[in-house]
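S.K.: In this text, residue positions in the sequence shown follow numbering that gives the first Met the number 0: the first is 0, and each later residue adds one. C-beta atoms are modelled at their ideal positions from N, C-alpha and C, and glycine is treated no differently. My questions all concern the structure below.
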Amino acid sequence: MPKNSKAVKRELDDDVTESSKDLLSNEDACDDSFKKSSLIVNSHGGGGEGKECDAEEGGSDEEEEERPAWNSKLQYILAQVGFSVGLGNVWRFPYLCQKNGGGAYLVPYLILLILIGIPLFFLELAVGQRIRRGSIGVWNYISPRLGGIGFASCVVCFFVALYYNVIISWSLFYFSQSFQQPLPWHECPLVKNNNITSVVPECEKSSATTYYWYREALNISDNISEGGGLNWRMTLCLLAAWSMVCLAMIKGIQSSGKVMYFSSLFPYVVLICFLVRALLLKGSVDGIRHMFTPKLEIMLEAKVWREAATQVFFALGLGFGGVIAFSSYNKRNNNCHFDAVLVSFINFFTSVLATLVVFAVLGFKANIMNDKCVELNTQKIVSLLGNGIEQSLIPHHINLTDVSSVSQEDYHKMTDIIRGVKEGDYDQLGLEPCTIENELNKAVQGTGLAFIAFTEAMTHFPASPFWSVMFFLMLINLGLGSMFGTIEGILTPLIDTFKVRKEFLTVGVCVLAFSIGLLFVQRSGNYFVTMFDDYSATLPLLIVVVLENVAIAWFYGIDKFFEDLKDMLGFTPYRFYYYMWKYITPFLLLVLLAASLIQLIMTPPSYNAWIQEEAKEQALHFPPWGIVVCVSLVVFAVLPVPVVFALRYFNIIEDISSGHSNVSYKKGRIIKEVACPGEDDDASLINAKTPNSEAPSPMPGNNIYRKQSGGGGGNGGINDAATAPNGRYGIGYLMADMPDLPESNL
């Protein structure tokens, strides 16, 4: 390999000899990131260099496989949409909308989507696409001392994957039980005792769907300390869920990308079908009207803005590493700004669509429950005639002989007359207030919305098994789309960093996660799902995203990052992002982090336990060991950040990394590469330099430059050219006209 290369050298420190931007910036005119390409270097005696693109995909036996790439832009967009659009869009956004002022809640949500969501989403897409590595490699390159950010993202992804797949297993169970007419949760079961048939007391005190969820599906214990053994049906469903994830992910984006066509698009088909069906039901308009009736005064409360910011934050999947992982498989000149805006607003409109469906169905359910309330109260009035209520108070046109025929309008006329006469004695009659508004104000979220409220509404649908199958199939697809991104946030950084076989790592992660996930399918498992949901993700992810933003804007340099974006995209992003990334978004994130910390401190760790004897939920505090687990989840998730910082600061990381990876980092550059056994020194461009030179590459891993050979040409011999694993040419730094990428300031 020629030694007299035209390298541009900067004496930044004793070790650094080349610029790192040259390698990143070498975008050949005939390079296509979606295809393999090879580089031919012709040497003419005096060391002149030449290069050309080889259109042939073939090559010698030494040619290695390129970094995987998306088959199409549509597949990539569907993957990002599938990851960001998840169960939270269906069962948390409608709840927050109902709780925080109806249609008025959309205003703070949109404002914070623009101020926090889109800038941070754009930032993660850009760094992943630019550096073409998972979260570990990306943040090691940006600032090695902040490399723990990537490891923290992996830990959080693993914690979330543990319990998120349990929710998919619940949906699988309900899906398997939906092929029955009537549905098994249609009515309370009966028991025989001494030839007397009666309704199960627990079901009679609650409702058929509530009883089925807590007793038949979960067989839940009374508190978190009562394990109660494994629920074998849920264990089988969890095994099926992890098997589906493993099979879809085992080939990376080549397999998961194809699954995205179904898992990302099918939920929209179901939501639209549900909306059309719900609009044809009695009372659906009442629910939608309730949703869009704004309560503007509630917008002045700080809690509304905090919850809107948190929802924006989690809706887009920021901090998980999945966004970075997916974008790292993109071609380098892809317009990731367009992708950020598109996916963000698709996510928003999906949330609005899901909210319309939920409120239309809840409006129908509220009318059903209100009719039952009217019927029960009318029966009470009939029993009180002549014994507290005079017959003369009943309007003549109301027929009380058939209580089921009394309409809501007639009932309200009757009760208004009775209330006017009885005045202070009215409450003693024991008549429940029967209004649709009261039913709609009963806020439900999460599992309560999906597995209790929605299932109850579907029992009143014509052809209820069909709609139940569609609904839970939609939940499974929404969950799987998010799971693919979450698992990708674990696999991609580990594969890039430690160079393990993708298939082995995928199977290993899924087997380990299933084994730990058995904790969630015991009788008390639902309480552990609540624990992990509340404490393993919220605070650690906020810390991760704050550090991501600060690392780019203040350590790496916002001006340098803008230069990178201009070089990558072909245009300079709006100045809006400059001020967002440097000032406004970090400030808002710190405020959100402080508010979350205050809420965590002010609210003792607790969970809602299902008390079997009382057939209702009761708030209980975690036992001491439970509090230790809650704190440990937060500590373990953020621990990699200070640990890696300390290891880098005291220069211990080289000894640690040498056993796992052939690359050591320093100030965004690779300073040490251990040659593979039997590898010719002349095969790698990094070895063509002096032993203590630094190779300017953002691509960590074993074989940073991959050998490819091409056909002959020219007078001189043809040297094997080494290419970077992302398809960029390893000799890009030989081009003297490329500007340097300044290093991190850390």
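(1) From F291 to F150, what distance separates their C-alpha atoms?
(2) Is it buried or exposed for Y573, if we count other Cβ within 10 angstroms and need 16 for buried?
(3) Return the chain-ordered list of same chain residues with a C-beta closer than 8 Å to the C-beta of G101, the five sequence neighbours on each side being excluded.
(4) Which one of V549, I626, L589 has the shortest CA to CA distance from Y526?
(5) So, for G677: in the same chain, excluding its five sequence neighbours on each side, which residues have a beta-carbon less than 6 Å away from its beta-carbon?
(6) What's the call for E296, buried or exposed, on a 16-neighbour Cβ count within 10 Å?
(7) How big is the Cα-Cα spacing for D766 and T458?
(8) On the CB-based measure, 16 or more other CB atoms within 10 Å of its CB, does F503 come out buried or exposed?
(9) Report the residue from P118, N230, K191 whose alpha carbon sits nearest the alpha carbon of R522.
(10) Would you kindly work out how many angstroms separate the C-alpha atoms of F470 and A239, rounded to a whole number?
(11) Enumerate in chain order the residues of its own chain whose CB-to-CB distance from A339 is below 7 Å, with the five nearest sequence positions on each side excluded.
(12) When the Cα of V549 is compared with those of F586, M530, V528, V520, which residue comes out closest?
(13) Kindly indicate the opening and closing residues of the beta strand (DSSP E) around W609.
(14) Going by the CB atoms, is the gap between T529 and Y577 shorter than 9 Å?
(15) Please classify V356 as buried or exposed, where buried requires at least 16 neighbouring CB atoms within 10 angstroms.
(16) Tell me the start and end of each unbroken beta strand (DSSP E) in the stretch 580 to 647 that is at least 3 residues and wholly inside, in chain order.
(17) Between A536 and D415, what straight-line distance do the alpha-carbon atoms span, to the nearest angstrom?
(18) Do three or more CB pairs link the stretch 271 to 278 to the stretch 70 to 80 at distances below 8 Å?
(19) What is the rounded straight-line gap between the Cα of R305 and the Cα of I113?
(20) T400 bridges to which residues according to DSSP?
(21) Does L229 come out as helix, strand or coil in the three-state DSSP assignment?
(22) Identify whether T196 lies in helix, strand or coil by the three-state DSSP scheme.
(23) Output the residue ranges of the alpha helix (DSSP H) runs that lie fully inside the stretch 113 to 182 and measure 4 residues or longer, sorted by chain position.
(24) Starting from the C-beta of F178, find all residues in its chain whose C-beta is less than 8 Å away, skip the five residues before and the five after it, and write them out in chain order.
(25) Would the stretch 199 to 215 and the stretch 435 to 452 be scored as touching if the rule is three or more Cβ pairs under 8 Å?
(26) Enumerate in chain order the residues of its own chain whose CB-to-CB distance from S343 is below 7 Å, with the five nearest sequence positions on each side excluded.
(27) Rounding to the nearest angstrom, what Cα-Cα distance links K615 and I166 in this structure?
(28) Kindly indicate which residue of Q427, Q378, L264, F358 has the alpha-carbon position closest to the one of L280.
(29) With DSSP as the reference, label V405 as helix, strand or coil.
(30) Measure the CB-CB distance between K72 and N333 and report whether it falls below 9 Å.
(31) Helix, strand or coil: which one does DSSP assign to I287?
(32) According to the neighbour-count rule (16 or more other Cβ atoms, all chains shown, within 10 Å of its Cβ), is Y104 buried or exposed?
(33) Which two residues bound the contiguous alpha helix (DSSP H) that contains C509?
(34) To the nearest angstrom, how far is it from the Cα of I215 to the Cα of M473?
(35) Could you tell me the alpha carbon to alpha carbon distance between P432 and N376, rounded to whole angstroms?
(36) Out of T602, I475, V402, point me to the one whose CA is closest to W264's CA.
M.R.: In this structure, then:
(1) Numbered from its first residue, the sequence shown carries residue 291 at position 292. Numbered from its first residue, the sequence shown carries residue 150 at position 151. Approximately 42 Å between the Cα atoms of the pair.
(2) Your numbering for residue 573 matches position 574 in the sequence shown. Counting Cβ neighbours within 10 Å, Y573 comes out exposed, since fewer than 16 surround it.
(3) One-based indexing of the sequence shown puts residue 101 at position 102. Result list for G101: H289, M290, F291, T292, P293, K294, in chain order.
(4) Against the sequence shown, residue 526 aligns to sequence position 527. Here the closest residue by C-alpha is I626.
(5) Locating residue 677 in the sequence shown gives position 678, counting from the first residue. At G677 the pLDDT is 38, less than 50, meaning the model places this residue with poor confidence and gives no usable figure here.
(6) The sequence position of residue 296 within the sequence shown is 297, counting from 1. E296 is exposed by the Cβ-count criterion.
(7) Residue numbering for the chain in the displayed model covers 0 to 745; residue 766 lies beyond these limits and cannot be assessed.
(8) Residue mapping note: residue 503 aligns to position 504 of the sequence shown, counting from 1. That one is exposed.
(9) Position 523 of the sequence shown, counted from the start, is the residue given in the question as residue 522. Considering only alpha carbons, the answer is N230.
(10) On the sequence shown, position 471 is the one that residue 470 refers to. On the sequence shown, position 240 is the one that residue 239 refers to. When rounded, the distance between both Cα atoms is 19 Å.
(11) Here the question's residue 339 lines up with position 340 in the sequence shown. If we look at A339 and ignore the five residues flanking it on each side, its Cβ neighbours are I117, F120, F121, L124.
(12) Counted from its first residue, the sequence shown places residue 549 at position 550. Out of F586, M530, V528, V520, F586 has the C-alpha closest to the C-alpha of V549.
(13) Taking the sequence shown and counting its residues from 1, one reaches residue 609 at position 610. Segment 605 to 610, the beta strand (DSSP E) holding W609.
(14) The residue given as residue 577 occupies position 578 in the sequence shown. The residue given as residue 529 occupies position 530 in the sequence shown. In this structure, T529 does not lie closer than 9 Å to Y577 by Cβ.
(15) Working through the sequence shown from its first residue, we reach residue 356 at position 357. With 16 or more Cβ atoms within 10 Å of its Cβ, V356 is classed as buried.
(16) 605 to 610, 615 to 620
(17) Counting from 1 along the sequence shown, the entry for residue 536 is found at position 537. Counting from 1 along the sequence shown, the entry for residue 415 is found at position 416. If you take the alpha carbons of A536 and D415, they lie about 51 Å apart.
(18) no
(19) By one-based count along the sequence shown, residue 305 stands at place 306. By one-based count along the sequence shown, residue 113 stands at place 114. Going by the C-alpha atoms only, they are around 15 Å apart.
(20) Working through the sequence shown from its first residue, we reach residue 400 at position 401. None; T400 has no bridge partner.
(21) Working through the sequence shown from its first residue, we reach residue 229 at position 230. L229 falls in the strand class under three-state DSSP.
(22) Taking the first residue of the sequence shown as 1, we reach residue 196 at position 197. If DSSP states are grouped into helix, strand and coil, T196 belongs with the strands.
(23) 117 to 130, 134 to 141, 147 to 176
(24) Your numbering for residue 178 matches position 179 in the sequence shown. So the qualifying residues of the chain are P464, V468.
(25) yes
(26) Counting from 1 along the sequence shown, the entry for residue 343 is found at position 344. Closer than 7 Å at the Cβ level, and outside the excluded window around S343, lie L112, G116, I117, F120, L315.
(27) By one-based count along the sequence shown, residue 615 stands at place 616. By one-based count along the sequence shown, residue 166 stands at place 167. Those two C-alpha atoms are separated by around 22 Å.
(28) Locating residue 280 in the sequence shown gives position 281, counting from the first residue. The shortest C-alpha separation from L280 is found at F358.
(29) Working through the sequence shown from its first residue, we reach residue 405 at position 406. Of the three classes helix, strand and coil, the one that applies to V405 here is coil, per DSSP.
(30) Start at 1 with the first residue of the sequence shown, and residue 72 comes out as number 73. Start at 1 with the first residue of the sequence shown, and residue 333 comes out as number 334. Yes. Within cutoff.
(31) Taking the first residue of the sequence shown as position 1, residue 287 is located at position 288. Helix at I287.
(32) In the sequence shown, the residue the question calls residue 104 occupies position 105. With 16 or more Cβ atoms within 10 Å of its Cβ, Y104 is classed as buried.
(33) Here residue 509 refers to the residue found at position 510 of the sequence shown. It spans 501 to 516 - the alpha helix (DSSP H) in which C509 sits, taken as one unbroken run.
(34) Here residue 215 is taken as the residue at index 216 of the sequence shown, counted from 1. Here residue 473 is taken as the residue at index 474 of the sequence shown, counted from 1. Just to set this straight, residue 215 is Glu in the shown sequence, not Ile. Rounded to whole angstroms, E215 to M473 spans 22 Å at the Cα level.
(35) Counting from 1 along the sequence shown, the entry for residue 432 is found at position 433. Counting from 1 along the sequence shown, the entry for residue 376 is found at position 377. Near 9 Å, if we compare the C-alpha coordinates of N376 and P432.
(36) Residue 264 sits at position 265 when you count from the first residue of the sequence shown. It should be pointed out that residue 264 corresponds to Leu in this sequence rather than to Trp. When each option's Cα is compared against that of L264, the closest is I475.
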